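First comes the structure, then the notes that go with it.
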Amino acid sequence: MNSTYKTVLASLITIGLIGCGGSSSSGDNGKNLFLSGKVIDGYIVGATVFLDLNFNGVLEANEPSVVTEGKGDFDLAIPSKYTECSEYVPVVVDVPVGAIDLDYPDTPIENAYQMTIAPQFTRSNNEDLLNLTPLTTIVWQAIEIQLKEYSGELSCEKILAEEELRSEIKSNLQDQERRVAYRYNITVDELYGDYVESGDTELHGFAQALVVPLQKSYAETVELQEANPEADFAYVEYFTDLEASSYDVWYRSTFVQTSNGNLESKDEYLDGEWKVTGLRERWKKESFNTEEEFYQIDYKYSINEAGLTSCAVRDEWNVHVEESVGIVTTFNVKSGGVSENMDWDACYAATAENLTESNATYELNYTDFDLESEVPLNFGTFAFSYGTGEYSHLVGHGDEMTTSELDALYATFNTRDLRDTEDYGSRWWSRMLQRFDDFDDENITQIMLFHTAGGWARNTYFKDGTHLNECGLTEADLSEDNCYD
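Written out as structure tokens, the structure reads:
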């Protein structure tokens, strides 16, 4: 796993849904609905909180708003005509120049920035008054980027009208909650905690470290969007190595997607003054889709801190090969190669076949998906070196296979026995089984079991957001201790 996690830099907002007189609704009875909570970096006073009815991150004349007071507190009054929408749109906070972070009460904020939280209907935490941390903000921003990529313009009306879209948003948000909780190995409840009140100095310190990069991300994203007005979406983010002992090494990433599956990104090294010192990685993806087939090619160019360059190119084709009761199966071929001492132009002109053959590989994969949830249930991958195995001719040419050739290939690899050790001549292989129900322990939500050429692994996920990783040379040897030997 790559130890550098890209973090969409964000803030804390504490928010709860309450009504006057204990009611959570408003309407013709004259009672107002309030969204109540806190804005936290430390606690922020003088920030403007508003209901983002059209998901554009800009305070419009018709959108309810309020300024934070006290210890970052706000009570956002919602007119009755927006009561229903208030559950289905994000809440955004603009932190202006001159606002006060109570961590530094004598030093007004000098650079404006913006923060956001997920719509109320999506969140798995059902407390009346919720504490939203920077991690919670990361969750929503990542989901919002996905939604804009695949669903186009968003609005309250669109979400209310499309039940499938609401279900997708909620499912994706809760999956992302679990991923973020997993990243920090904390519970989902802790993810929603107020770290100032609880005295969690580690999270508090991380939030303080986010302020400058958050401000820069906000300003530079506006500039990038203005420079790419036709793009599906564009953004700039600053990220750090969250496994490092301190947060003093940061990187800058720019991302522009011109259309679905066609994108380019660039990561750059920064010095202690936030100035770009050099290219770290550049990535470009091009995709071509039909109803039954998918093809894409990735170019990834990188330069390490010692100045050594590498170019990696991977092409992939994927085809739907079988559908049975409740299950759809796909089959694909991925190929890739690596070469050193190339510049970006040479890398972008390269193909997987003509890169360094000693580092070039190709993979054959099968995946079974649940038709209703689109979740992968079984997965197998078999990796080969170029010039070995019976399948080298497929590299870059999978879309030219006849139906009979594809059926024969699928039949060969169509094994679902996790304990099978057949390698089909590959240099490495892995089989995976994933389950989401029928557990003896009601606290378990998911189990992933892996059998590879090197041994076994099991990942168990719990309702509170924590996880357990176990390793072993055999299935009987699986234990947490073996993962650290």
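Note that full-length UniProt numbering gives residue 256 to position 256 of the sequence shown, counting from 1, and the numbers run on in steps of one. Beta carbons: idealized from backbone N, C-alpha and C, even for Gly. Since we're looking at a predicted model, the values are computed, not measured.
With burial defined as no fewer than 16 other Cβ atoms inside 10 Å of the residue's Cβ, what is the status of residue i: buried or exposed?
i: Val249; result: exposed
i: residue 496; result: In the structure as shown, the chain begins at 1 and stops at 485. Residue 496 is therefore absent and cannot be evaluated.
i: Asn289; result: exposed
i: Tyr366; result: buried
i: Arg435; result: exposed
i: Trp274; result: exposed
i: Ala207; result: buried
i: Thr107; result: exposed
i: Lys81; result: exposed
i: Gly42; result: buried
i: Glu230; result: exposed
i: Asp28; result: A caution first: Asp28 carries a pLDDT of 42, below 50, which makes its placement in the model too unreliable to give a value.
i: Thr474; result: exposed
i: Ala61; result: exposed
i: Glu223; result: exposed
i: Asp441; result: exposed
i: Glu144; result: buried
i: Asn56; result: exposed
i: Leu308; result: exposed
i: Ser167; result: exposed
i: Pro134; result: buried
i: Gly70; result: exposed
i: Asp101; result: buried
Let's see if you can read the secondary structure: which residues bound the beta strand (DSSP E) around residue i?
i: Tyr82; result: Run containing Tyr82: none; DSSP gives neither H nor E here.
i: Phe34; result: Leu33 to Ile40
i: Cys156; result: Premise fails: Cys156 lies in the alpha helix (DSSP H), Cys156 to Ala161, not in any beta strand (DSSP E).
i: Cys471; result: His467 to Gly472
i: Val92; result: Val91 to Val95
i: Tyr461; result: Gly455 to Phe462
i: Ala234; result: Phe233 to Thr240
i: Tyr269; result: Asn262 to Leu270
In whole angstroms, what is the alpha-carbon distance linking residue i and residue j?
i: Asp343; j: Thr277; result: 17 Å
i: Ser358; j: Ala346; result: Bear in mind that the predicted position of Ser358 carries a pLDDT of just 48, short of 50, making it unreliable; the figure below should be weighed with that in mind. Ser358 and Ala346: Cα-Cα distance of roughly 19 Å.
i: Thr116; j: Glu163; result: 23 Å
i: Asn341; j: Ser310; result: 6 Å
i: Phe87; j: Gly98; result: A small fix is needed here, since residue 87 is Glu in this sequence, not Phe. Answer to the nearest angstrom: the Cα atoms are 31 Å apart.
i: Thr460; j: Asn443; result: 10 Å
i: Lys266; j: Glu202; result: 30 Å
i: Thr402; j: Ala411; result: 14 Å
i: Gly21; j: Ala77; result: In this predicted model, Gly21 has a pLDDT of only 31, less than 50, meaning its place in the structure is not dependable enough to derive any value.
i: Val92; j: Leu35; result: 12 Å
i: Trp429; j: Arg419; result: 12 Å
i: Arg416; j: Gly454; result: 19 Å
i: Val8; j: Ala408; result: Per-residue confidence for Val8 stands at a pLDDT of 34, beneath the threshold of 50, marking its modelled position as unreliable; the derived number appears in the next sentence. Between Val8 and Ala408, the C-alpha separation is close to 45 Å.
i: Ile44; j: His467; result: 33 Å
i: Lys158; j: Asp94; result: 25 Å
i: Val188; j: Pro105; result: 31 Å
i: Ala118; j: Ser65; result: 17 Å
i: Ser198; j: Leu129; result: 15 Å
i: Ser404; j: Ala209; result: 58 Å
i: Leu334; j: Tyr299; result: Residue identity differs from the one stated: residue 334 is Lys in this sequence, not Leu. Near 13 Å, if we compare the C-alpha coordinates of Tyr299 and Lys334.
Leaving out the 5 sequence neighbours to the left and right, which residues in its chain are closer than 6 Å to residue i when beta-carbon positions are compared?
i: Asn228; result: Ala234 and Val256
i: Tyr424; result: Phe382
i: Glu264; result: Val256 and Lys284
i: Cys483; result: Asn469 and Cys471
i: Ser155; result: Asn54
The alpha helix (DSSP H) that contains residue i, what's its start and end?
i: Thr201; result: Thr201 to Ala227
i: Glu197; result: Tyr195 to Ser198
i: Tyr102; result: Looking at the sequence itself, residue 102 is Leu, so the reference to Tyr does not match. Segment: none, Leu102 is in no alpha helix (DSSP H) and carries neither H nor E.
i: Leu355; result: Element bounds for Leu355: n/a, residue is neither H nor E.
i: Asp437; result: First-last for Asp437: undefined, no H or E at that position.
i: Tyr348; result: Trp344 to Ala349
Select from the options the residue whose C-alpha is nearest the C-alpha of residue i.
i: Glu237; options: Arg252, Ile297, Ala231 and Ala77; result: Arg252
i: Ile138; options: Cys156, Leu129 and Leu173; result: Leu173
i: Leu270; options: Glu264, Gly98, Gln296 and Glu305; result: Glu305
i: Leu364; options: Asn131, Asn341 and Arg427; result: Arg427
i: Thr421; options: Asp194, Phe294 and Thr452; result: Thr452
i: Leu191; options: Phe34, Glu177 and Val91; result: Glu177
i: Trp456; options: Asp438, Asp477 and Asp440; result: Asp477
i: Leu59; options: Pro96, Tyr299, Lys71 and Glu197; result: Pro96
i: Asp103; options: His204, Val49 and Cys85; result: His204
i: Phe439; options: Asn378, Phe450, Lys463 and Glu281; result: Lys463
i: Met448; options: Leu377, Ser404, Glu405 and Phe384; result: Leu377
i: Lys216; options: Leu433, Glu110, Glu84 and Thr445; result: Glu110
i: Glu316; options: Gly336, Gly193, Val67 and Lys170; result: Gly336
Considering only residues of the same chain and omitting the five flanking positions on each side of residue i, which have a CB-CB separation below 7 Å?
i: Ser479; result: Glu470 and Gly472
i: Gln286; result: Looking at the sequence shown, residue 286 is not Gln but Glu. Correct list, in chain order: Asn262, Gln296 and Ile297.
i: Ser259; result: Asp232
i: Asp73; result: Lys38
i: Cys85; result: Leu53 and Cys156
In chain order, what residues of the same chain lie with their CB nearer than 8 Å to the CB of residue i, ignoring the 5 residues before and after it?
i: Phe413; result: Phe331, Leu364, Tyr366, Gly380, Phe382 and Tyr424
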